[in-house]
Structures are given as C-alpha cells and as structure tokens.
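Note sheet for the following structure.
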Ligand SMILES: Cc1cc2nc3c(=O)[nH]c(=O)nc-3n(C[C@H](O)[C@H](O)[C@H](O)COP(=O)(O)OP(=O)(O)OC[C@H]3O[C@@H](n4cnc5c(N)ncnc54)[C@H](O)[C@@H]3O)c2cc1C
C-alpha cells in the first residue's frame, strides 16, 4: 500500500505547471519527492497538500501570531514513519516540525517559513503496564485521552490541566498540572522515552542517557518523541471540590494579600490545595471593569475547607460558585474541556507574557490590574483577554533537586501570564498588544526586585531568550549548549524556544 495523499485538484493544477514547491534549502517536487517518501512510509501514513480541508485542519493553530509555514503535512501512522520522514527531510535539506495539538504559541515558530509538518495525530494511545506502575503514551496523545483512559483503570498520572492540549507538548517544557503537588512535574514522571533524533535514528532513552536531563524542560530542542513511558498512580482521593469566588477589581490588594497569607504561605501551600485566579471581563458581574475570580480547588474533600475560603468570603464576593465531583470534573469547572473557549481555534492572536513569582507583591498586583482594566474593558479590541495566575501546590516539584533537570524553576510558586487576545489586524496592532503584555509583565517583574524574568517556556512569548526559558545560571546554559551541539549540531529542532 502507498501513502494516502489528499491533494486539492485546483491547487494541483496550479502547482503542476512548475512541478515543484520552493523551500528554503531545496525544492519539494510533487512527483519525485512524493514518490520517494511514499515508498518508505507505512500504509497508514497520510499526506496533505495545501488547498485541502485536511491540510487546513492539520495546520490550524491556537494562536495565529507568527505561525510556522509548511508546504506539506505528513501524518505518520507508525514510529518508523517519523524516522523515515526525518531522514528524508535531512537528505533533501528540508526543515521539519512536529505538530501535536498546535497550542504552542511561542513566536519563534514563525521562523519556519517552509518545510514538512510532521502531524502526530495518528500516534495516539495509552498502554498500562502489567504491574500497573507505568503507562506508555504515544507521541500524539491528547491529555483527555490520557486522563480518561487511566481513570477507567483506577489510575492517574500527572498531565496538563487542559483536555485538548497534547500530553507531550507541556511535558517537554516540564509541564504543570493538578497532581504536581503530589508527584512533581509531568516531566518528572518520565521513565523512558522513544525519540527520533536529528540524525534520524530512533532511540529509547532513560535516566542513564546523557540527554535525559535536558528532555525535562528543554525537550523541544532534541527530537520528535514517539512515545513516553510515565509513572502512574492508583487513585487515592476520589473526591474533589472547588469554590469560585468572583470579586470586583477594587478588591485586588486585599485579595492577593489573602492569597499570600492563607494559600501560598511562602511556598508551603498545602499539597491538596490549588489556587488559580483569573482577571477577565464578565459584564453580568461588573459592567465597567474586569472581575477577579479566585478559584480554590481541593483534593480529597466534598467541600473546600473553610479555613481557605473564609478569608475570601470576608471580602464580600459578587458571587460564589461551588462544585463537588471527581478528578475528571476539574477541566469543566475551570473551563478547559475540549468544548470550552480556551480550546477553540478561532483565528485569534494569543500572545502571552509569562513570569513566575515566589509570592504576590500586592502593590504590583494593583498596578497591573489597573493597566489591564484600562486596556481591556468595554469595547476594547483586547476585551477577550485573560490574565491567569496559576498557583499549583509545589511539594512534589520541590522534592527533586533543582539541578535534576533542565526545568529551572522549582522554587517558583506562581505562574502568571496576561493572555492578550485579539483578531489579526496588522503589525501595528501586534505591536500594541506586545507593548501592553510586556508592560504588565514588567510591573510584576519590578515587584519581585529580581534582575531577570523567569518565563515558563510553554507560555513564552518568544521575545525572551534561553536564559529566561531555561534559567540564567551559566552552568545550565553551557550544559544545554553542549548537548545541543552534540545531538542537534545543525539546529534542526530550533523552531520552538531554541537553546542557541
Ligand atoms: C488552552 C491551553 C491550556 C494549557 N494548559 C497547560 C497546562 O495545564 N499545563 C502546562 O504545562 N501547559 C499548558 N499549556 C501550555 C502548553 O504546554 C503549550 O502550549 C504547549 O506548547 C502545547 O503543546 P501542543 O502539543 O499542544 O502544541 P504544538 O504546537 O503542537 O507543540 C508545541 C511544540 O512542542 C513540540 N512538540 C510537540 N509534540 C512533540 C513531540 N511528540 N515530539 C517532539 N516535539 C514535540 C514541537 O516543538 C512543537 O512546536 C496550555 C496551553 C493552552 C493554549
């Protein structure tokens, strides 16, 4: 059987005049190249050309600011299809990029101006080991498939919170999720990994491998991961509860003072408690300004402990919402199921401007809120924006030595990021959004009194650099650079937050 190809008749008629599509280092010939590659791929592999619905669907991204441009989509049906595609791309000197659920929004992706998209959608599945201690998760599996498959077997693993995002995308940058307080980051759970390296070889790596340290935090830089074997756990706490308290922005100072005192507690937030907050327009609650929503989530209970919620009730919320259920309900309660807004690909630009914090500087929170409100309230073009503050518990993350992986920020307690959402309307608007996002980030940065900005690589804007993504210590930078030089000397994996 040959590679299944979807090609638009109209597009084919146009391009067949010249028989080839220009690429940065070489030419993709629809006849010769396609024939050569298709002979190497399995019968389940597919390929999509521009102009088809399938190409469009495989190319849609969550953020449309500085997107990668590709000329062909290859959808591997097997691990070996990834190997053959990488080898073929290398032979023809064509750029290539792994696409998973395409929620990656870093602007460095825009440096890919042509080449092959390796769309991992068909490599999906979760296989639980007989001893019930690990599961092997295929390279293109979405988080929802992982959480639901494991839950059905009475198991769970650390995954990202959002159902539609891939399992592996977040994991390669460390990966934050509900269970990190118990077990550590997503990347901390890796037992082994199948990965196609820059030279086109498929290898199985584990903690004895030289590259292992780098894959947990800077993993995007080293290969296409075809599967990961992760630790999994028996479900111990079936119950979960949440309280969502919505406040007027005028309470910003007292709210973050209370978050510091009663939840964050200088980095000792209890393992069973997660605290997020959102700043968002909600005209039905406050027609004039964005509201502040405080979300307090607790594991192992049917109602959030009042010692955590009472200080917030005392601040007189506009409304309070409570829910009780199980682990699988969390995505619904916080609005990140596959059908919720944050999962949709609407054509919007979605730049984020992340900075990690140890604690909230109350004055900085107030200044940032006021600037945010001034710019997103009412009919502002940015009125769909959202400021997120993710305060996961940290015990499991801190149980590992800070030097144990390329993820550099185990001492940081809160992940904050304004998400400036708007529909595309030219470079001037892009610059305005960037100026706003960076100003907001700078306000929180100033409040920390630190000299550099620790930025989560998976939320990064792209205007940061390797020191912000991977830690400013020189030993981290030189270790990463020397691994990059050895394993990817030509920089084939350098579209997503490149090391150098
Ligand atoms: C709605 C939403 C919710 C989110 N929730 C969380 C969360 O709970 N926790 C968290 O930590 N982060 C979260 N993020 C951030 C997320 O980690 C990044 O957006 C990440 O890049 C998404 O990966 P992806 O596979 O969806 O995107 P893609 O754009 O497909 O992938 C991003 C990059 O990852 C690399 N990549 C992906 N798959 C592979 C692979 N198999 N092998 C090698 N490289 C690969 C490629 O370089 C690719 O360019 C969220 C983002 C969004 C938009």
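In UniProt numbering, the protein residues as written are 1 to 500.
Just so it is clear, CB atoms sit at the ideal spot from N, CA and C, and this is done for glycine as well.
Nearer than 7 Å: is that true of the beta carbon of residue i relative to any heavy atom of ligand 1?
i           : result
residue 495 : yes
residue 168 : yes
residue 278 : no
residue 148 : no
residue 490 : no
residue 62  : yes
residue 183 : no
residue 157 : no
residue 161 : yes
residue 192 : no
residue 500 : no
residue 342 : yes
residue 483 : no
residue 59  : no
residue 459 : yes
residue 295 : no
residue 99  : yes
residue 237 : no
residue 120 : yes
residue 444 : no
residue 323 : no
residue 220 : yes
residue 86  : no
residue 105 : yes
residue 125 : no
residue 313 : no
residue 480 : no
residue 175 : yes
residue 203 : no
residue 348 : no
residue 73  : no
Looking at the unbroken alpha helix (DSSP H) that takes in residue i, where does it start and where does it end?
i           : result
residue 47  : From DSSP, residue 47 is part of no alpha helix (DSSP H) but of the beta strand (DSSP E) over 46–48.
residue 268 : Run containing residue 268: none; DSSP gives neither H nor E here.
residue 216 : 212–218
residue 447 : 427–448
residue 466 : 466–470
residue 475 : 474–487
residue 253 : 252–258
residue 57  : 53–59
residue 397 : 395–398
residue 181 : 180–183
Please check the pair residue i and residue j, which I expect to be a contact at CB under 8 Å, by giving their CB distance rounded to whole angstroms.
i           : j           : result
residue 264 : residue 277 : About 11 Å separates the two Cβ atoms, so there is no contact after all.
residue 466 : residue 477 : 6 Å
residue 395 : residue 181 : 5 Å
residue 348 : residue 422 : 7 Å
residue 99  : residue 120 : 7 Å
residue 475 : residue 455 : So it is not a contact: roughly 19 Å between Cβ atoms.
residue 245 : residue 312 : 5 Å
residue 483 : residue 211 : 6 Å
residue 191 : residue 149 : Not confirmed; about 17 Å, so no contact.
residue 315 : residue 380 : Not a contact, Cβ separation roughly 27 Å.
residue 102 : residue 39  : Rounded, the Cβ-Cβ distance is 28 Å, inconsistent with contact.
residue 267 : residue 169 : Residue 267 to residue 169, Cβ: 27 Å. No contact.
Could you check where the beta strand (DSSP E) with residue i kicks off and where it finishes?
i           : result
residue 275 : 273–280
residue 537 : In the structure as shown, the chain begins at 1 and stops at 500. Residue 537 is therefore absent and cannot be evaluated.
residue 63  : First-last for residue 63: undefined, no H or E at that position.
residue 34  : Counting along the chain, residue 34 falls outside any beta strand (DSSP E), though it belongs to the alpha helix (DSSP H) covering 32–38.
residue 417 : 414–419
residue 391 : 386–391
residue 225 : 224–231
residue 206 : 202–206
residue 248 : 240–248
Quick check: the segment 147–163 against the segment 199–211, are there 3 or more CB pairs under 8 Å? no
Could you say if the segment 184–197 and the segment 226–233 meet the contact criterion of at least three C-beta pairs nearer than 8 Å? Segments in contact, yes.
Beta strand (DSSP E) runs contained entirely in the segment 288–365, provided each spans 3 or more residues: 291–299, 319–325, 355–357
Which runs of the beta strand (DSSP E), 3 residues or longer, sit entirely within the segment 129–175? 134–138
Any contact of the segment 406–424 with the segment 383–394, i.e. 3+ C-beta pairs under 8 Å? yes
Residue ranges of each beta strand (DSSP E) within the segment 67–142, 3 or longer: Listed in chain order, the complete beta strand (DSSP E) runs (minimum 3 residues) inside the segment 67–142 are 72–75, 96–99, 116–119, 126–128, 134–138.
Would you call the segment 235–251 in contact with the segment 421–438, where contact means no fewer than 3 C-beta pairs closer than 8 Å? no
Measuring CB atoms only, is the segment 428–443 touching the segment 318–333, in the sense that at least three cross pairs come out at less than 8 Å? no
Does the segment 104–111 touch the segment 78–87, meaning 3 or more C-beta pairs lie closer than 8 Å? Contact check between the segment 78–87 and the segment 104–111: fewer than three CB pairs, one atom from each, fall below 8 Å, which does not count as touching.
If we count Cβ pairs, one from each stretch, closer than 8 Å, do we get three or more for the segment 63–80 versus the segment 42–50? yes
If you pair each beta-carbon of the segment 241–256 with each one of the segment 357–377, do three or more pairs fall below 8 Å? Result yes; three or more Cβ-Cβ pairs closer than 8 Å.
Taking one C-beta from the segment 280–300 and one from the segment 435–452 each time, how about it: are there three or more such pairs within less than 8 Å? By the Cβ criterion, the segment 280–300 is not in contact with the segment 435–452, since fewer than three pairs of Cβ atoms, one from each stretch, lie closer than 8 Å.
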